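Per this note's numbering, the sequence shown starts with residue 720, numbered consecutively.
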Amino acid sequence: QAGLGMDDSGLGQLVDAFYARIRQDEALGPIFNDAVDDWPEHIGKLTDFWSSVMLGSGRYKGQPVPAHRKHRDRISPALFDRWLALWARTTDEMMLPEVASALQEKAGRIAESLQLALFFRLDG
Ligand code: HEM
C-alpha cells in the first residue's frame, strides 16, 4: 500500500525495504554485500542521510563521494540507472504519491552529482 509520509518513521521503513531489495538485486547486491559488514549500521546511516536531506535534521555527517569512489571500479552509470529504478519502484509502492516523487527527484539530483564526482574528474 502506498501510504507512508515524509517523517523519520516513514523514511526508516522505506530505507529498510529498499536495502532488503538492493541486497537481492543480481547486479547491485554483490557490491553492497561485499562492502557492508554491519547492515543495521548502514541502514541507520542511510536513514540519517535521508532525514538530513529531506527533513533538514542534520543527523548525517558522512562523505558520500569518497565512500563511493572506493568502489568506482565496480560502479557504472548503468548501475546508477538500475539503483534509481529500484528506488522509484520502492518509493511508489510504499510512500504517499507526493512523497514518492519528492524522494525520486532528490535521488536523481544526488545520483547526478555523485556520477560527476566519480566518472568525470579530470584529475583522476
Ligand atoms: C554508501 C554503493 C548510489 C547514498 C554506499 C556503499 C556502497 C554504495 C557499496 C558503502 C560504502 C562503504 O562503506 O564501503 C552504491 C551504488 C550505487 C549507489 C553501487 C549506484 C550504482 C547511491 C545514491 C545515493 C547513495 C544514488 C544517494 C541518493 C549513499 C550514502 C552512503 C552510501 C549516503 C553512506 C556513505 C557514508 O559512509 O557516509 N553506497 N551507492 N548511494 N551510499 Fe551509495
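Ideal placement from N, C-alpha and C gives every residue a C-beta, glycine not left out.
As the structure is a computational prediction, the values presented were derived from the model and not from experiment.
#### Entry: Residue range of the unbroken alpha helix (DSSP H) whose run includes Val754
By 1-based counting over the sequence shown, the position of residue 754 is 35. Note that residue 754 is Ala in the sequence shown, not Val. For Ala754, the enclosing alpha helix (DSSP H) begins and ends at Gly748 to Ala754.
### Message
So within the stretch 783-839, which uninterrupted alpha helix (DSSP H) runs reach at least 4 residues, ignoring any that extend past its ends?
### Response
The qualifying runs are 783-788, 796-813 and 816-838.
### Task
Taking only heavy atoms of the ligand HEM into account, decide whether any of them is closer than 7 Å to the Cβ of Ile794.
If you number the sequence shown from 1, residue 794 lands on position 75. Within the cutoff, so yes.
### Query
Got a sec, what are the start and stop residues for the alpha helix (DSSP H) Asp735 sits in?
Position 16 of the sequence shown, counted from the start, is the residue given in the question as residue 735. That run of the alpha helix (DSSP H) goes Asp727 to Gln743.
### Task
Taking 8 Å as the threshold, find out whether the stretch 805-818 comes into contact with the stretch 758-771 through three or more Cβ pairs.
Two segments are said to touch when three or more pairs of C-beta atoms, one from each, lie closer than 8 Å; by this definition the stretch 805-818 does not touch the stretch 758-771.
### Task
In angstroms with no decimal places, state the Cα-to-Cα distance between Ala836 and Ala721.
Residue mapping note: residue 836 aligns to position 117 of the sequence shown, counting from 1. Residue mapping note: residue 721 aligns to position 2 of the sequence shown, counting from 1. Taking the CA atoms as reference points, Ala836 sits about 34 Å from Ala721.
### Message
Here's a check: name, in chain order, each residue in its chain whose Cβ is nearer than 7 Å to the Cβ of Lys825, leaving out the five neighbours to either side.
### Response
Locating residue 825 in the sequence shown gives position 106, where the first residue counts as 1. Excluding positions up to five away in sequence, the list reads Val772 and Met773.
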